[in-house]
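Everything below concerns the one structure shown next.
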Amino acid sequence: MTEPLLVAHDLCKHFGGLVAVDQVTLDLAPGAIHAVIGPNGAGKSTLVNLLSGEIAPSSGSILLGGDDIAGLPPERIAHRGIARTFQHANIFGAFTAFENARLAAQAHAPAAGGWLRPARARTDINGTAHAALAAAGLAARADVHASALSHGERRALDIAMALATAPSILLLDEPLAGMGPEESMHTVALLKRLAVDHAILLVEHDMDAVFALADRLTVMANGKIIASGTPAAIRANAEVQEVYLGADAQPAP
Amino acid sequence: MTRRGVLALLVAAALLALFPLTAERFYLQLVTKIMILSIFALSLDLLVGYAGLVSLGHAAYFGVAAYALALAAPTDDPANFWLTLPIALAASALTALVIGTLVVRTTGVYFIMVTLAFAQMVYFFFHDTRIAGGSDGIYVNARPNTFVPGFDLTNDTHFYYMVLALLVGVYALLARIIRSPFGRALQGIKVNERRMRALGFATRRYKLAAFVLAGTIAGLAGYLAAAKEGYVNPELLAWHQSGSALMMLILGGMGTLVGAIAGSFAYLLLQEWFSGLTKHWQLLMGAFIIGAVLLLPQGLASLPARLARRRSVDVVEDNDD
Amino acid sequence: MEWLIQILNSVQYGLLLFLVASGLSLIFGIMGVINLAHGSFYMIGAYLGFTLAQWTGSLWIALPLGIVLAAALGLLLEWTLISKLYRRDHLYQVLLTFGLILVFEELRSVLVGDDVHGVAIPSILAASLPLTDTLSYPVYRLFISAVCLALAGLMYVVLQTTRLGANIRACASNPEMAQSLGLDIRWIHALVFAAGVALAAFAGMIAAPVSSVFPGMGNQVLIICFVVVVIGGIGSLKGALVAALLIGFVDTFGKVLFPEFAGVAVYLLMAVVLLFRPSGLFGRT
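First to last, the protein sequences are chains V, A and X. Residue 198 in my numbering sits at position 198 of the first sequence, with consecutive numbering throughout. My numbering runs 253 ahead of the 1-based position in the second sequence. My numbering runs 574 ahead of the 1-based position in the third sequence.
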């Protein structure tokens, strides 16, 4: 196994009396997809927010290449090579898909805060944006207003924007939510391709996709990790079956 | 912008350029005043319409520059335009920088309230202290001298053309800025600041930059206002000024630069009309504002599109500038 | 001992400020509306108290009458205008209520004029409480403090212990849920708005004998209320109380110690709070 890129150690987060994340430890390695599953309210989204810097942990550390990034604001974490998508597609509806991707690319381009030259003159940024759209399968829809895209296309745009920031780590918060079977297939294929040169954390409810994609699985409930290991081991785990998989568990293919 | 839009803009500019040839002195001065306030409204438009920062204290930067001219100008002789304008702009920019650093830490309703509160602080500073004549204000006894041969700002027509040129210049500058990466980032921040931060934008810095830029342009308007009227008093900084500027934007339609100009013309002409009708014209103005908010949420700039929608079935709104 | 007088003044000013600011904070916290015209209600209360007292000859009759009229005005405004603002951008709320300020100011100008008026302290309360051999403190100011404190207590009791209060708080935290539980949001909003108006108007009425009745009083109190809410945290009555008292002290002692810069002191306080707690002392981030 390759060296982990990101290691979260004993992460905790409480909001007043409520413990949302309790002593969570996990790591992300390049070329692998680490899926996090669990019932609603298990703390999965809070975990993603902790790793992306939206909220600061109450205790614990997040090591990225040796540095502890816990508590850094999201914009600084984004510049360290971590990109995320959101549970409810957080895109800019009034801009076209291309303009959305370009905005993302701009965030990481050198001296892109230019005031006077038009944005479209930055060919480097434009190139990155087009490449990200293509990687997400949206090249044909580049000039469509984001608000006019289908649900699946918007989730893909969300991923494209994350890609445009040239990350080494992707935190994906339910990318398949609300997708039909065909769109899910496309997205699963996309994620498989992306896993080749990224470290991916995948929070998902779609069990078919999870078992098709995950190299490692972590199961959370009530903020704690109740099991972690290979998909086969997790599927066989009695506690997990009881707490989460239940009647939804698919028989091994 | 659509070709029709550009054409309309050129026609409007031409009309404004030709206006002094036919107008009487009163109307010349009125349109000059409106154009100065258009510059003020444009600066606020950058903040509100594009960056989504609803500032209720923008008049502070307008007033600071006006006072800077009044204080820097010699008592009886004309001030040096090339010296006093940079001083005034620097004063506004500095004020905006200091206040901006504090207020960009807030969002939403807090932002509205703190921008108002700090503007009031500046108002009280000029109103209560004797630094600049207190509530009586001070005079700028002569219009600044540009030392350009044949060009005399005390001549109302010359002053008019200078203001027009500056208005065109500010419009062009803002149009460029909006299309630049910086401008795009501001628009992104207005729509979804959370997403922008997740992408890696240090949004606070962008907001501060917009705040200072807007404050500086407001200062330009304030300088011109002081030069024109020859008199400066704390009411220039009053929040009625800030509120009126917001109203101009709403009237004209935010999110468009032209809307800021159209809105200021509409608002000020309306004000002229109302004050001619009655001493208590603010009553009419207040009622009008209430009506406009309830009935015309997208402002005047949306009227053509709205009327067009009545005629055709599908309309694609051109929202690019 | 002079300090005791300043302390009492600070507390009185702070409590009065709390009364007005609580309405502003409640209206925003529960209905999500930023109401610029809130200061105007304070001014309306003062002028109303003044005219009613002149008309009826007694401040004691004028007070309850004024409160009822103010609440009625609040209900009318909520029904016709404020209810249109609930789902709208703050910018539109600011503008509409800004328009209201202009309307109220001109109406006052037309109906009552622009003069400054003094209001006599009712004779029962006109005495001074002796503190030392040479110093005494006006009973009326103590009365103001007592009344404000009582109202603050009443607010607390209503909001925390009664069913109505629970319903109101439910609306603040989750309007959709409250509505689906069958609570009549419209009625609660109307009630809260009317209460806010009445509180501000009442504050104006009882403050009138002390601070007189003048045209700019509405705007003046509004800005300070904003500072109270920013420092205290929006939607938090506890925060509003703490902030109002804090401002009472800073302003009163500021005037005594640094008269030239007294006006600025309060804003400096706000600046300091913003540097460390941008959501206010008790605000929810």
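Even glycine gets a Cβ: it sits at the ideal position worked out from N, Cα and C.
For Leu643 (chain X), which residues of its own chain have a beta-carbon under 7 Å away from its beta-carbon, when the five flanking residues on both sides are left out? Leu622
Asn126 (chain V) in three-state terms, based on DSSP: helix
Determine, for Gly453 (chain A), whether the minimum Cβ-Cβ distance to residues of chain V falls below 8 Å. yes
In chain A, which residues lie less than 9 Å from Glu679 (chain X) when you measure between Cβ atoms? Gln535, Leu536, Gly539
Closest residue to Ile55 (chain V) among V:Leu28, V:His9, V:Ala20, V:Ala135 (Cα-Cα distance): V:Ala20
Which one or two residues does DSSP pair with His691 (chain X) in a beta bridge? X:Val787
With DSSP as the reference, please indicate the residues paired to Pro712 (chain X) in a beta bridge. Beta-bridge annotation (DSSP): Pro712 (chain X) is paired with X:Ser702.
For Thr368 (chain A), which residues in the same chain have their Cβ closer than 6 Å to its Cβ, ignoring the five residues on either side in sequence? Taken in chain order, the residues that qualify are Ser308, Leu309, Gly310, Val356.
Along the beta strand (DSSP E) that carries Ile225 (chain V), what are the first and last residues, could you check? 224 to 229
With 9 Å as the C-beta to C-beta threshold (strictly closer), list the residues of the region 429 to 454 of chain A near chain B in chain order. The chain inventory of the structure shown lacks chain B, comprising the protein chains V, A and X.
Measure the CB-CB distance between Ile472 (chain A) and Phe279 (chain A) and report whether it falls below 8 Å. Contrary to the premise, residue 472 (chain A) reads as Gly rather than Ile in this sequence. Cβ distance not < 8 Å, so Gly472 (chain A) and Phe279 (chain A) don't count as in contact.
Can you name, in chain order, every residue of its own chain whose Cβ lies under 6 Å from the Cβ of Ala781 (chain X), other than the five neighbours on each side? In its chain, beyond the 5 residues on either side, Leu590 have a beta carbon closer than 6 Å to the beta carbon of Ala781 (chain X).
Are the region 67 to 78 of chain V and the region 405 to 417 of chain A in contact at 8 Å, needing three or more beta carbon pairs? no
Give the interface partners of Phe256 (chain V) over in chain A, defined as CB-CB distance under 7 Å, in chain order. Residue numbering for chain V in the displayed model covers 1 to 253; residue 256 (chain V) lies beyond these limits and cannot be assessed.
Is Phe255 (chain V) helix, strand or coil by DSSP? This structure cannot speak to residue 255 (chain V), because chain V is shown only from 1 to 253.
Please identify, using Cβ separations under 9 Å, the residues of the region 822 to 843 of chain X that lie next to chain A, in order along the chain. The region 822 to 843 of chain X vs chain A, Cβ under 9 Å: Glu834, Phe835, Ala836, Gly837, Val838, Val840, Tyr841, Leu842.
Could you say if the region 169 to 188 of chain V and the region 78 to 88 of chain V meet the contact criterion of at least three C-beta pairs nearer than 8 Å? yes
Can you pull the chain A neighbours of Ala104 (chain V), defined as C-beta to C-beta under 7 Å? Leu452
Cβ of Thr469 (chain A) within 8 Å of Cβ of Ala325 (chain A)? no
Give me the Cβ distance between Gly390 (chain A) and Val485 (chain A), rounded to the nearest whole Å; I'm assuming they're in contact under 8 Å. Confirmed, about 5 Å.
Nearest neighbour of Thr509 (chain A), chosen from A:Asp298, A:Ser517, A:Ala418 [CA to CA]: When each option's Cα is compared against that of Thr509 (chain A), the closest is A:Asp298.
Does the structure place the region 219 to 239 of chain V close enough to the region 24 to 42 of chain V that three or more beta carbon pairs sit under 8 Å? The region 24 to 42 of chain V, when compared against the region 219 to 239 of chain V, does touch it at the 8 Å Cβ threshold.
Show which residues of chain A have a CB atom less than 9 Å away from the CB atom of Ser147 (chain V). None at all; the shortest Cβ gap to chain A is about 11 Å.
Close beta carbons around Leu271 (chain A), own chain, < 6 Å, minus the five adjacent residues each side: none
Starting from Pro118 (chain V), find everything on chain A with Cβ-Cβ shorter than 8 Å and list it in chain order. The answer, in chain order, is Arg429, Arg432, Ser433.
Whose C-beta lies closer than 6 Å to the C-beta of Ala313 (chain A) among residues of the same chain, with five residues either side of it excluded? Ala372, Val375, Leu490
In this structure, how does DSSP classify Val642 (chain X) when only helix, strand and coil are distinguished? helix
Given 8 Å, three or more beta-carbon pairs between the region 290 to 305 of chain A and the region 492 to 506 of chain A: yes
Under 8 Å, do Ala302 (chain A) and Met449 (chain A) count as touching if we go by C-beta distance? The sequence shown places Gly at residue 302 (chain A), rather than the Ala named in the question. Cβ distance not < 8 Å, so Gly302 (chain A) and Met449 (chain A) don't count as in contact.
On a CA-only basis, which of A:Gly544, A:Leu537, A:Ile543 is nearest Val684 (chain X)? Give me that one, please. A:Leu537
N-terminal and C-terminal residue of the alpha helix (DSSP H) that Gly831 (chain X) is part of: The sequence shown places Leu at residue 831 (chain X), not Gly. Where Leu831 (chain X) is concerned, the enclosing alpha helix (DSSP H) stretches over 811 to 831.
Does the distance from the C-beta atom of Phe92 (chain V) to that of Gly305 (chain A) stay below 8 Å? no
Which first and last residues belong to the alpha helix (DSSP H) in which Arg84 (chain V) is found? Membership of Arg84 (chain V) in any alpha helix (DSSP H) is not indicated; the residue belongs instead to the beta strand (DSSP E) covering 82 to 84.
If you reduce the DSSP assignment to three classes, tell me which class Ala507 (chain A) lands in. Per the sequence shown, the amino acid found at residue 507 (chain A) is Met instead of Ala. Correct three-state label for Met507 (chain A): coil.
May I have the straight-line CA-CA distance separating Ile225 (chain V) from Gln23 (chain V), to the nearest angstrom? 8 Å
Going by the DSSP bridge assignment, what does His205 (chain V) pair with across the sheet? None, per the DSSP bridge assignment.
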